Amino acid sequence: MPKLNLGSGTDIRAGWVNLDSAKLPGVDVVHDIQKLPLPFKDGEFDIILCRDILQHVDYTPILKDLYRILRPGGKLIIRVPHFTSKNNVIDPTHRSTFSVRTFDFFV
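Read in order, the letters of the sequence shown correspond to residues 5 to 111 in our numbering.
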């Protein structure tokens with residue numbers, strides 16, 4: 005069951021492909037996620053973990069490419085801060101805000 009940890013940072017997961025834009029210990033693939041397509045085959049992963057990334061980027065094209073590399077019936081796990089989070093105001097790198105309904109558009 006191939007699994008991708010997108011934007012792993014220092015959260016290296018054994019048995020996963022750990023991708024990050026920085027060459028950190030344990031990172032398997034160094035790649036800027038904003039440079040699409042991602043360097044994987046169509047339907048390559050059963051599970052993709054995407055934690056605390058999408059608020060920093062133009063997320064629509066990235067979601068489309070994640071759909072491409074996710075096998076049919078696979079699972080995409082996304083974590084982003086809620087729009088009421090104070091970090092959305094104080095962190096200038098946050099480009100987007102999200103609610104529990106944001107991703108309904110993509111389903």
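C-beta: ideal position from N, C-alpha, C; glycine also.
In this text, all values refer to a predicted model and were calculated from it rather than measured experimentally.
Going by C-alpha positions, Gly19 is about 7 angstroms away from Lys7.
A direct Cα-Cα distance of roughly 5 angstroms separates Val84 from Asp56. Taking all protein chains in view, the Cβ of Gln59 is crowded by 16 or more other Cβ atoms within 10 Å, so the residue is classified as buried. For Ile16, the secondary structure class from DSSP, reduced to helix, strand or coil, is coil.
Note: Lys79 is bridge-paired with Ile51 in the DSSP secondary-structure output.
Within the same chain, Cβ atoms closer than 8 angstroms to the Cβ of Met5 are found at Asp50, Ile51, the five residues on either side in sequence being excluded. Beta-bridge annotation (DSSP): Leu67 is not paired with any residue. The Cβ-Cβ distance between Arg17 and Leu53 falls below 9 angstroms. CA-to-CA, the gap between Arg72 and Gly47 works out to about 6 angstroms. Between Asp32 and the set Asp69, Phe44, Pro65, the nearest pair of CA atoms involves Phe44.
The three-state reading of DSSP puts Leu58 in helix, counting H, G and I together.
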